[in-house]
Amino acid sequence: MTMESPKKIMVVEDEKDIGELVLRYLQKEGYMPYRIGDGRTALARAEAELPDLIILDLMLPGMDGLEVARRLRQNDRTMLLPIIMMTAKGEESDKLIGLEIGADGYIAKPFSVKELVARVKSLLRRVERNDTTPVAYQYGPLSLDRSRFETVVDGVPIDLTTKEFGLLEAFLRNRGRVLTRDYLLNTVWGNMDIGSTRTIDVHVRHLREKIPLLAEAVVTIKNLGYKLREIS
Ligand code: CA
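For the sequence shown, numbering that gives the first Met the number 0 begins at 0 and goes up steadily by one.
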């Protein structure tokens, strides 16, 4: 057993009964949950406290959950925070938008608390896996080996520039998550003030041309950036 501090989970829900119920169950599982009742406070607290996970209700007074998620994703500090959206029945299209703008999962009301806890656990596990930064990645027929600076698709080596390689690695490390152009620029190009976020678009285009499977797998997220689809 490793000694880990309990995971902080921010539950953003204005309906007190539902919120308290969720808190109680998360507490029972050993997490450290707390409830925030509105979107603006949630944004400020998320940036200040960086919880390990956010459970975000769609219907909130003032700023709704979609807008909160969008702003979390646009802020470099909070863009990788795992988000589970809570939606009510009949909000199917909102759910889709939520996933598009970068929620990592959703759960529809009315839900069983068991189901929610299971989602929380599996998402936290997934995030931990991403954090271990392996040196090699496999994505379908594509493999990338950082130590050898090697990219292979179906056994055929692909000739990538250093930046294309770095970009692909960033996608593979964060598969399923929306990465903003700013984030990619900072990560791959460093903080040197070269090029603009357009540079990212050009390099993504080159990647898609050189590796056709990425033409579909790397999804453009309007006004935000890109994400590499998860493969099941
Ligand atoms: Ca609500």
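Just so you know, even glycine gets a beta-carbon here, dropped at the ideal spot from N, CA and C. Remember, predicted model here, so these are calculated numbers, not experimental data.
Work out the CA separation of residue j and residue i for me, nearest whole Å.
{"i": "Leu-213", "j": "Met-58", "result": "35 Å"}
{"i": "Ala-169", "j": "Asn-185", "result": "11 Å"}
{"i": "Glu-127", "j": "Arg-207", "result": "28 Å"}
{"i": "Thr-86", "j": "Leu-22", "result": "17 Å"}
{"i": "Leu-52", "j": "Ser-146", "result": "31 Å"}
{"i": "Arg-180", "j": "Asp-16", "result": "39 Å"}
{"i": "Ser-111", "j": "Ile-230", "result": "27 Å"}
{"i": "Leu-166", "j": "Tyr-138", "result": "15 Å"}
{"i": "Val-10", "j": "Arg-228", "result": "26 Å"}
{"i": "Gly-224", "j": "Leu-178", "result": "6 Å"}
{"i": "Lys-41", "j": "Ala-107", "result": "Note on identity: in this sequence residue 41 is Ala, with Lys being the wrong assignment. The alpha-carbon atoms of Ala-41 and Ala-107 are separated by roughly 20 Å."}
{"i": "Ser-142", "j": "Lys-162", "result": "17 Å"}
{"i": "Leu-80", "j": "Ile-96", "result": "18 Å"}
{"i": "Val-187", "j": "Arg-118", "result": "31 Å"}
{"i": "Gly-29", "j": "Pro-50", "result": "15 Å"}
{"i": "Arg-124", "j": "Tyr-33", "result": "20 Å"}
{"i": "Ala-300", "j": "Gly-18", "result": "Residue coverage of the chain in this structure runs from 0 to 231, which leaves residue 300 outside it and unanswerable."}
{"i": "Ser-121", "j": "Asp-144", "result": "27 Å"}
{"i": "Glu-215", "j": "Leu-171", "result": "14 Å"}
{"i": "Ile-157", "j": "Ile-210", "result": "8 Å"}
{"i": "Asp-56", "j": "Val-218", "result": "25 Å"}
{"i": "Pro-140", "j": "Lys-113", "result": "36 Å"}
{"i": "Met-78", "j": "Glu-46", "result": "10 Å"}
Over the uninterrupted beta strand (DSSP E) stretch that includes residue i, give me the two end residues.
{"i": "Tyr-105", "result": "104 to 108"}
{"i": "Glu-149", "result": "149 to 152"}
{"i": "Thr-40", "result": "Counting along the chain, Thr-40 falls outside any beta strand (DSSP E), though it belongs to the alpha helix (DSSP H) covering 38 to 48."}
{"i": "Pro-32", "result": "31 to 35"}
{"i": "Ile-8", "result": "7 to 11"}
Looking at the strands, I want to know which residues DSSP matches up with residue i.
{"i": "Ile-82", "result": "Ile-53"}
{"i": "Ala-225", "result": "Correcting the residue type first, residue 225 is Tyr in the shown sequence and not Ala. Looking at the DSSP assignment, Tyr-225 forms a beta bridge with Leu-178 and Thr-219."}
{"i": "Lys-113", "result": "None, per the DSSP bridge assignment."}
{"i": "Ala-87", "result": "Lys-108"}
{"i": "Pro-156", "result": "Val-151"}
What residue range is occupied by the uninterrupted alpha helix (DSSP H) comprising residue i?
{"i": "Val-21", "result": "15 to 27"}
{"i": "Ile-230", "result": "Premise fails: Ile-230 is in no alpha helix (DSSP H) and is neither H nor E."}
{"i": "Lys-209", "result": "196 to 209"}
{"i": "Leu-143", "result": "Premise fails: Leu-143 lies in the beta strand (DSSP E), 141 to 144, not in any alpha helix (DSSP H)."}
{"i": "Val-134", "result": "Per DSSP, Val-134 belongs to no alpha helix (DSSP H) and is neither H nor E."}
{"i": "Arg-69", "result": "64 to 73"}
Hey, out of the options, whose CA is closest to residue i's CA?
{"i": "Gly-175", "options": "Asp-181, Gly-61, Gly-104 and Gly-38", "result": "Gly-104"}
{"i": "Arg-76", "options": "Tyr-182, Arg-34, Lys-209 and Arg-197", "result": "Tyr-182"}
{"i": "Ile-8", "options": "Leu-115, Asn-74 and Arg-70", "result": "Leu-115"}
{"i": "Met-62", "options": "Ile-210, Pro-32, Val-119 and Glu-12", "result": "Glu-12"}
{"i": "Met-36", "options": "Lys-27, Val-218 and Gly-64", "result": "Contrary to the premise, residue 36 reads as Gly rather than Met in this sequence. It is Gly-64 whose Cα lies nearest to the Cα of Gly-36."}
{"i": "Leu-71", "options": "Val-217, Glu-48 and Lys-6", "result": "Glu-48"}
{"i": "Lys-6", "options": "His-202, Lys-27 and Phe-148", "result": "Lys-27"}
So that I know if they touch, is there some Cβ in chain C lying closer than 8 Å to that of residue i?
{"i": "Arg-124", "result": "Included in the structure is just one protein chain, with no chain C present."}
(request) Pick out the complete beta strand (DSSP E) segments inside the stretch 166 to 190, 3 residues or longer, and give them in chain order. (result) 177 to 179
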